[in-house]
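Participant:
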Amino acid sequence: MSTIVLPKEIKTAHGEHAHHHELSFWRKYIFSLDHKVIGIQFLFSSCFFLLVGGLLALVVRLQLGWPDHQGWFYLMMAKFFHAIFGDKMIAGTIILPEFYNAAFTMHATFMIFFAVMPFLMGTFANFLIPLQIGAGDMAFPKLNMASFWVSLLSGAIMLCAFIVPGGAAGGGWTSYPTLSAIPELSGVTWGQNLWLISLLLSGVASLMGAINYITTIVNMRAPGMSWLRMPLPVWAMFVTAILLLLAVPVLAAALVLLLFDRTLGTSFFIPHGVLVAGSPLTGHTGGGQVLLWQHLFWFFGHPEVYIMILPAMGLTSEILSVFARKPIFGYKAMVLSICGIAFLGFIVWGHHMFQSGMNPLLGTTFMISTMAIAIPSAIKTFNWLGTLWGGNFKFTTAFLFAIGFVSMFAIGGLSGIFMASSPVDIFIHDTYFIVGHIHYVLFGGSIMAIFGGIYYWFPKMFGRMMNEKIGKLHFWLLFLSFNGVFFPMHILGVNGMMRRIYDYTQYEHLAHLQPLNAFMSVCAFILGLSVLIFLFNLFYSIFRGPKAPVNPWNANTLEWTVAYPIPHGNFAEMPHVFRGPYEYSAPDCPEGQDFYPQNVPPPGWGPTDSKAH
Amino acid sequence: MNSGITRGLRRLFGAALLTVPTVLLAQDVKPRYPNHHWYSWWMNILPDTASTYAPDVDGMFNLILWITLIVFVLVEGCLVYFLWKYRHKPGRKAVYYHGNNKLEITWTTIPALILVFLAVFSNKIWSEIKSPDRFPKNAPVIRIMPRQFEWDITYPGPDGKFDTPDDINTINNLYLAANEPVQIKLQGQDVIHSFFVPEFRIKQDAVPGMPTAVWFNPTHTGEYDIACAELCGLGHYRMKGFVHIVSHDSLSRWMASQAPPPPAPAAVAPAADTAKKAETK
Ligand code: HEM
Ligand SMILES: [Cu+2]
Ligand SMILES: [Cu+2]
Chain A
33 MSTIVLPKEI KTAHGEHAHH HELSFWRKYI FSLDHKVIGI QFLFSSCFFL
83 LVGGLLALVV RLQLGWPDHQ GWFYLMMAKF FHAIFGDKMI AGTIILPEFY
133 NAAFTMHATF MIFFAVMPFL MGTFANFLIP LQIGAGDMAF PKLNMASFWV
183 SLLSGAIMLC AFIVPGGAAG GGWTSYPTLS AIPELSGVTW GQNLWLISLL
233 LSGVASLMGA INYITTIVNM RAPGMSWLRM PLPVWAMFVT AILLLLAVPV
283 LAAALVLLLF DRTLGTSFFI PHGVLVAGSP LTGHTGGGQV LLWQHLFWFF
333 GHPEVYIMIL PAMGLTSEIL SVFARKPIFG YKAMVLSICG IAFLGFIVWG
383 HHMFQSGMNP LLGTTFMIST MAIAIPSAIK TFNWLGTLWG GNFKFTTAFL
433 FAIGFVSMFA IGGLSGIFMA SSPVDIFIHD TYFIVGHIHY VLFGGSIMAI
483 FGGIYYWFPK MFGRMMNEKI GKLHFWLLFL SFNGVFFPMH ILGVNGMMRR
533 IYDYTQYEHL AHLQPLNAFM SVCAFILGLS VLIFLFNLFY SIFRGPKAPV
583 NPWNANTLEW TVAYPIPHGN FAEMPHVFRG PYEYSAPDCP EGQDFYPQNV
633 PPPGWGPTDS KAH
Chain B
242 MNSGITRGLR RLFGAALLTV PTVLLAQDVK PRYPNHHWYS WWMNILPDTA
292 STYAPDVDGM FNLILWITLI VFVLVEGCLV YFLWKYRHKP GRKAVYYHGN
342 NKLEITWTTI PALILVFLAV FSNKIWSEIK SPDRFPKNAP VIRIMPRQFE
392 WDITYPGPDG KFDTPDDINT INNLYLAANE PVQIKLQGQD VIHSFFVPEF
442 RIKQDAVPGM PTAVWFNPTH TGEYDIACAE LCGLGHYRMK GFVHIVSHDS
492 LSRWMASQAP PPPAPAAVAP AADTAKKAET K
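The listed protein sequences derive, respectively, from chains A and B.
Per our numbering, the first sequence starts with residue 33, numbered consecutively.
Per our numbering, the second sequence starts with residue 242, numbered consecutively.
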């Protein structure tokens with residue numbers, strides 16, 4: 033290899049510039065150091081894991097829709113899943129309870145750690161941060177590359193959990209000990225160990241990303257890109273990276289302790305006197321605390337949910353402003369509320385533990401802080417409405433998804449208030465009400481914003497346009513079926529239907545919910561179809577989409593000033609930033625346009641102009 | 242063709258795309274559990290209540306429901322109205338406006354006040370139910386030691402003490418008197434389980450190595466499900482018990498029939514309950 037590359041390097045070194053390295057295929061597309069390529073790698077890997085997570089979700093919905101394992105639709109789909117998962121998980125047409133538990137556990141795990149997080153803090157953080165702040169690349173390109181490959185490795189390990197004896201982890205994505213700590217109690221052996229190892233690696237990948245993003249944003253902003261001229265996605269990702277930096281190590285510590293409990297016989301989470309099938313547990317000294325895990329997990333877990341929503345809020349703000357052709361309403365309030373959410377996010381974790389046996393006085397404390405965190409969420413929602421007021425909308429697919437975000441996130445935020453009230457939470461905790469809430473914020477919120485972001489930045493990623501007609505079909509199918517699946521979950525929860533339950537028809541008070549569940553499951557399959565339509569649109573447009581102009585949406589931010597393909601190094605000349613990112617419809621916009629790109633000098637900027645460029 | 246007609250056709254096609262599979266599949270959505278009506282979830286948002294504090298919980302729920310419903314209608318209403326009102330029209334320019342601090346302060350303060358109000362009221366009910374020093378004095382104590390996948394229930398018997406020979410032990414069937422408060426001590430034996438009786442609006446985790454407690458005062462006689470609300474393993478979904486709320490007298494009669502005769506091993510084992518000694522060690 034090196035003997036071939038050497039002469040070229042000598043040649044370029046003697047040539048005009050180091051710009052035109054002829055990189056090999058491997059260095060250009062696989063082990064690339066270019067943040068844009070890494071972002072796109074994250075895009076593909078996240079799409080893959082979105083499919084895996086989605087498939088598992090459909091297994092869960094199939095079981096819940098037809099717990100009696102009958103009906104032509106059930107049988108047809110059960111045969112289909114049987115072909116994928118095999119006899120150990122689906123016996124003939126019967127979804128086995130152990131596979132059901134593994135399915136919802138792994139569904140949540142894949143969606144959270146391998147789809148939503150890498151979409152937001154892998155794809156968009158990588159692609160957008162340097163381009164939007166006017167930097168040539170990340171501060172540490174090699175660390176950036178390592179972050180992707182470690183994350184992919186951890187995803188592969190998580191997938192392996194399905195083929196080891198004992199099956200994949202089945203203790204929920206929260207993996208509460210002692211169920212997760214003692215294999216004899218769950219029947220899961222290596223599946224749980226792999227789960228722990230994989231998440232540990234994925235945490236390492238997140239940390240590498242976070243360090244990179246923070247350093248890049250602090251140090252590498254183009255001249256004139258002051259903090260209050262940063263586009264909101266960058267702000268959101270900056271704060272999110274700090275959240276990652278502070279929260280992930282706590283998770284990592286908990287994961288290591290649990291792994292020790294499982295493999296080395298320690299008892300961090302295993303108390304005295306645990307019985308296994310009536311006889312005392314052997315091989316552990318006991319003396320641990322079951323609730324310690326919950327505190328550690330949720331100290332990470334609650335910031336984690338904001339890790340998954342803040343960047344999505346950033347993307348949404350950007351898209352709303354562009355297609356409303358209006359400045360963001362209350363830019364500073366938006367920034368402040370991002371920071372407020374991030375701070376409060378660290379002091380509310382106990383709201384996941386109201387019924388855990390934790391001191392009820394703590395319940396009061398956490399209820400107050402949780403109510404408080406609803407305030408910045410409300411502020412953001414009102415500011416989005418303010419942004420829309422008086423606009424002049426272009427209903428592109430990206431805009432539709434951003435609207436979808438606002439309308440669905442509002443529902444998720446409001447349902448959060450029910451659970452924040454600790455007495456109400458007594459009844460709805462661990463029921464489908466929680467599952468409804470999660471999905472309104474994470475699917476209706478984060479995933480909608482991700483789809484919107486992909487439609488919006490696709491032209492910059494691939495130099496082509498996505499198909500708007502298919503895009504709108506995707507949106508409407510998704511929007512309607514999404515509400516068909518998830519809204520009724522609140523009703524199930526209010527009827528007392530527990531979550532993570534294989535066959536609720538065992539219970540007198542739940543049996544009548546079967547038809548409603550079946551309806552939801554049908555909607556879930558339609559939802560799955562809409563995602564397939566999206567993937568088709570994505571890959572079709574990568575190869576066949578019409579060529580995109582440099583700035584198809586007439587946007588102000590810096591990424592729209594460079595033409596596709598953007599070379600490694602991004603900006604041929606260092607951009608200079610003159611104004612905030614949301615100057616749409618400003619009276620002083622250059623003649624004949626309603627936008628004022630951040631890098632265009634104001635009219636009087638005169639003689640020094642050429643020097644700065 | 243006229244563009245309005247094409248647009249209409251396209252919409253029709255879109256609607257068909259969504260409805261056809263739904264209708265096709267609807268035949269699978271028929272009720273399989275005939276003693277319930279599929280629409281009963283709609284008739285009654287919250288299930289029946291059967292404990293003294295259950296109406297308080299429901300009151301709080303309904304209060305939040307009304308508040309959030311109003312906010313929901315306002316927010317989504319504005320959204321839809323704006324989307325219609327400010328849709329693109331050629332020649333119109335969007336308003337150039339960066340925000341308004343008075344508005345920001347207003348829409349920060351109002352939600353904050355509402356939320357403080359909700360927190361204060363919630364806390365009243367919360368401490369009524371869960372605060373240990375608000376537990377009813379002199380209420381009989383019953384011990385439940387849930388394990389995979391059953392509820393192991395112990396009454397202290399006439400001497401009022403646990404782990405003595407006169408203890409009464411049952412599995413999965415909890416007998417209680419109506420209108421008499423009772424305290425339940427929960428001791429997890431293997432994994433976390435959660436004691437949940439929907440009609441009583443009570444839920445409390447049972448944690449291995451850390452005893453917890455709940456109280457309630459059942460208001461109606463009848464039979465209610467005890468559900469396990471915390472994932473506890475493969476049999477979690479069938480970890481079901483029953484609370485039988487009976488009159489004071491029937492409870493006494495039942496207790497008497499359960500009492501193990503002091504010296505000799507048990508002679509009468511009622512068929513209804515599997516009276517079985519806990520395999521504690
Ligand atoms: C208005 C703001 C919010 C409030 C007041 C709120 C409140 C709560 C509360 C109290 C719980 C615990 C309920 C229980 O388990 O009994 C919860 C669970 C949850 N929330 Fe939120 N939430 C808010 C926003 C969000 C956002 C923005 C996200 C994510 C993007 C989110 C994701 C979740 C998830 C994933 C869970 C369930 C965790 C689990 O048990 O698996 N929430 N929320
Ligand atoms: Cu939380
Ligand atoms: Cu359970």
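In this text, a Cβ means the ideal position worked out from N, Cα and C, and glycines have one as well.
Would you say His329 of chain B faces chain A, with C-beta separation under 8 Å as the test?
Facilitator: The sequence position of residue 329 of chain B within the second sequence is 88, counting from 1. So yes, His329 of chain B belongs to the interface.
Participant: Using a Cβ-Cβ distance cut-off of 8 Å, determine whether Ala500 of chain B contacts chain A.
Facilitator: As a first step, residue 500 of chain B must be located in the second sequence, where it is residue number 259. No, Ala500 of chain B lies away from the interface with chain A (no Cβ there is under 8 Å from its Cβ).
Participant: Taking only three categories from DSSP, how would you classify Gln428 of chain B?
Facilitator: Against the second sequence, residue 428 of chain B aligns to sequence position 187. In the structure shown, Gln428 of chain B sits in coil (DSSP, three-state: anything other than H, G, I, E or B).
Participant: Taking 7 Å as the cut-off, is the C-beta of Val337 of chain A nearer than that to any heavy atom in ligand 5?
Facilitator: For ligand 5, the structure offers nothing, since it holds only ligand 1, ligand 2 and ligand 3.
Participant: Beta strand (DSSP E) containing Gln445 of chain B: first to last residue?
Facilitator: Taking the first residue of the second sequence as 1, we reach residue 445 of chain B at position 204. That run of the beta strand (DSSP E) goes Ile443 to Ala447.
Participant: Give the residues from the stretch 378 to 402 of chain B that approach chain A closer than 8 Å (Cβ to any Cβ), ordered along the chain.
Facilitator: Of all residues in the stretch 378 to 402 of chain B, Arg388 and Gln389 have a Cβ within less than 8 Å of some Cβ in chain A.
Participant: By DSSP's criteria, Cys469 of chain B is part of a beta bridge. Which residues make up the other side?
Facilitator: Here residue 469 of chain B refers to the residue found at position 228 of the second sequence. In DSSP, Cys469 of chain B forms a bridge with B:Phe436.
Participant: Are there any heavy atoms of ligand 2 lying less than 7 Å away from the beta-carbon of Leu266 of chain A, as far as the coordinates show?
Facilitator: As a working note, residue 266 of chain A is residue 234 in the first sequence. Here residue 266 of chain A turns out to be Val, not Leu, going by the sequence shown. Flag unset: Cβ of Val266 of chain A not near ligand 2.
Participant: In three-state DSSP terms, what is Lys111 of chain A?
Facilitator: Sequence index remark: in the first sequence, residue 111 of chain A carries index 79 (1-based). Helix, per DSSP.
Participant: Verify whether the separation of the beta carbon atoms of Lys68 of chain A and Ile598 of chain A is less than 8 Å.
Facilitator: Start at 1 with the first residue of the first sequence, and residue 68 of chain A comes out as number 36. Start at 1 with the first residue of the first sequence, and residue 598 of chain A comes out as number 566. Contact: yes.
Participant: Looking at the structure shown, is Val487 of chain B part of a helix, part of a strand, or coil, going by DSSP?
Facilitator: Here the question's residue 487 of chain B lines up with position 246 in the second sequence. Three-state DSSP puts Val487 of chain B in a strand.
Participant: Using the Cβ count rule (16 or more neighbours within 10 Å means buried), how would you classify Leu415 of chain B?
Facilitator: In the second sequence, counting from the first residue as 1, residue 415 of chain B sits at position 174. It counts as buried.
Participant: Taking C-alpha atoms, which residue in A:Phe331, A:Leu417, A:Ala157 and A:Ser353 lies nearest to Leu376 of chain A?
Facilitator: For the purposes of this step, residue 376 of chain A is identified with residue 344 of the first sequence, where counting begins at 1. For Leu376 of chain A, the nearest C-alpha among the options comes from A:Phe331.
Participant: Measuring alpha carbon to alpha carbon, tell me which of A:Arg531, A:Cys621, A:Pro491 and A:Leu570 ends up nearest Ala595 of chain A.
Facilitator: As a working mapping, residue 595 of chain A is identified with position 563 in the first sequence. When only C-alpha atoms are compared, the closest one is A:Pro491.
Participant: For a contact meaning CB atoms closer than 7 Å, what does Ile286 of chain B contact in chain A?
Facilitator: The residue you call residue 286 of chain B lines up with position 45 of the second sequence. Near Ile286 of chain B (Cβ distances below 7 Å), the residues of chain A are Val526.
Participant: My understanding is that Ile355 of chain B touches Met301 of chain B, with C-beta atoms under 8 Å, so please give their C-beta distance in whole angstroms.
Facilitator: If you number the second sequence from 1, residue 355 of chain B lands on position 114. If you number the second sequence from 1, residue 301 of chain B lands on position 60. Rounded, the Cβ-Cβ distance is 14 Å, inconsistent with contact.
Participant: Going by C-alpha to C-alpha distance, which of A:Pro359, A:Met190 and A:His506 sits closest to Val336 of chain B?
Facilitator: For the purposes of this step, residue 336 of chain B is identified with residue 95 of the second sequence, where counting begins at 1. It is A:Pro359 whose Cα lies nearest to the Cα of Val336 of chain B.
Participant: Do Tyr534 of chain A and Thr132 of chain A have their beta-carbon atoms positioned less than 8 Å apart in this structure?
Facilitator: Here residue 132 of chain A corresponds to residue number 100 of the first sequence, with the count starting at 1. Here residue 534 of chain A corresponds to residue number 502 of the first sequence, with the count starting at 1. The amino acid occupying residue 132 of chain A in the given sequence is Tyr; Thr does not appear at that position. Taking 8 Å as the Cβ cut-off, Tyr132 of chain A and Tyr534 of chain A qualify as a contacting pair.
Participant: Where does Ile373 of chain A land, buried or exposed, given buried means 16+ other C-beta within 10 angstroms?
Facilitator: In the first sequence, residue 373 of chain A corresponds to position 341, counting from 1. Buried.
Participant: Consult DSSP for Lys481 of chain B and reduce its assignment to one of helix, strand or coil.
Facilitator: In the second sequence, residue 481 of chain B corresponds to position 240, counting from 1. Residue state, collapsed to three classes: strand.
Participant: When you compare each of B:Gln430, B:Ile409, B:Tyr338 and B:Gly318 to Val448 of chain B by their alpha carbons, which one comes out closest?
Facilitator: In the second sequence, counting from the first residue as 1, residue 448 of chain B sits at position 207. Among B:Gln430, B:Ile409, B:Tyr338 and B:Gly318, the Cα nearest to that of Val448 of chain B belongs to B:Gln430.
Participant: Checking 8 Å against the spacing of the C-beta atoms, do Leu276 of chain A and Met153 of chain A come in under that value?
Facilitator: Residue mapping note: residue 276 of chain A aligns to position 244 of the first sequence, counting from 1. Residue mapping note: residue 153 of chain A aligns to position 121 of the first sequence, counting from 1. The answer is yes: Cβ separation under 8 Å.
Participant: Report all residues from its chain with a CB closer than 6 Å to the CB of Leu160 of chain A; omit the five preceding and five following residues, and keep chain order.
Facilitator: In the first sequence, the residue the question calls residue 160 of chain A occupies position 128. So the qualifying residues of the chain are Pro265.
Participant: With distance defined between alpha-carbon atoms, name the residue in A:Tyr614, A:Met190 and A:Tyr208 nearest to Ala587 of chain A.
Facilitator: As a position in the first sequence, residue 587 of chain A is number 555, starting the count at 1. Of the candidates A:Tyr614, A:Met190 and A:Tyr208, the one whose C-alpha sits nearest the C-alpha of Ala587 of chain A is A:Tyr614.
Participant: Using only the heavy atoms of ligand 1, determine whether one of them is closer than 7 Å to the beta carbon of Leu474 of chain A.
Facilitator: Mapped onto the first sequence, residue 474 of chain A falls at position 442. Yes; taking the cut-off as 7 Å, the Cβ of Leu474 of chain A has a heavy atom of ligand 1 nearer than that.
Participant: Roughly how many angstroms lie between the CA atoms of Asp407 of chain B and Gly401 of chain B, to the nearest whole one?
Facilitator: Translated into the one-based positions of the second sequence, residue 407 of chain B becomes position 166. Translated into the one-based positions of the second sequence, residue 401 of chain B becomes position 160. If you take the alpha carbons of Asp407 of chain B and Gly401 of chain B, they lie about 9 Å apart.
Participant: Taking Cβ positions, are Val202 of chain B and Gly476 of chain B nearer each other than 8 Å?
Facilitator: Absent from the model: residue 202 of chain B. The displayed extent of chain B is 242 to 522, so no value can be given.
Participant: For a contact defined as C-beta to C-beta under 8 Å, what are the partners of Thr396 of chain A on chain B?
Facilitator: Here residue 396 of chain A corresponds to residue number 364 of the first sequence, with the count starting at 1. Asn364, Trp367 and Ser368, listed in chain order.
Participant: So for Leu278 of chain A, helix, strand or coil by DSSP?
Facilitator: For the purposes of this step, residue 278 of chain A is identified with residue 246 of the first sequence, where counting begins at 1. In the structure shown, Leu278 of chain A sits in a helix (DSSP, three-state: H, G or I).
Participant: Please confirm whether Gln430 of chain B has its beta-carbon closer than 8 Å to some beta-carbon of chain A.
Facilitator: Reading the second sequence from its first residue, position 189 is the one you call residue 430 of chain B. Interface residue, yes.
Participant: Tell me Lys579 of chain A's beta-bridge partners as DSSP assigns them.
Facilitator: Stepping through the first sequence from its first residue, residue 579 of chain A is reached at position 547. Lys579 of chain A pairs with A:Arg496.
Participant: Count the CB pairs spanning the stretch 230 to 247 of chain A and the stretch 208 to 220 of chain A that are closer than 8 Å, and state whether there are at least three.
Facilitator: Judged by Cβ distances under 8 Å, the stretch 230 to 247 of chain A makes no contact with the stretch 208 to 220 of chain A, as fewer than three pairs qualify.
Participant: Ser435 of chain B and Asp293 of chain A look like a contact to me (Cβ under 8 Å); what is the Cβ gap, rounded to whole Å?
Facilitator: Looking up residue 435 of chain B in the second sequence gives position 194. Looking up residue 293 of chain A in the first sequence gives position 261. Not quite, the Cβ-Cβ distance comes to about 22 Å (not below 8 Å), so this is no contact.
Participant: Closest to Phe437 of chain B by C-alpha separation, out of B:Phe457, B:Gly450 and B:Ala418, would be which residue?
Facilitator: Counting from one through the second sequence, the residue named residue 437 of chain B turns up at place 196. Nearest C-alpha to Phe437 of chain B: B:Phe457.
Participant: Kindly confirm or deny that the stretch 381 to 389 of chain B and the stretch 466 to 486 of chain A touch, where touching means at least three C-beta pairs closer than 8 Å.
Facilitator: Output reads no: the stretch 466 to 486 of chain A does not touch the stretch 381 to 389 of chain B.
Participant: Let me make sure I understand the geometry here. Which of B:Pro459, B:Val484, B:Gly340 and B:Ile486 has the alpha-carbon closest to that of Asn415 of chain A?
Facilitator: In the first sequence, residue 415 of chain A corresponds to position 383, counting from 1. Of B:Pro459, B:Val484, B:Gly340 and B:Ile486, the residue nearest in Cα terms is B:Gly340.
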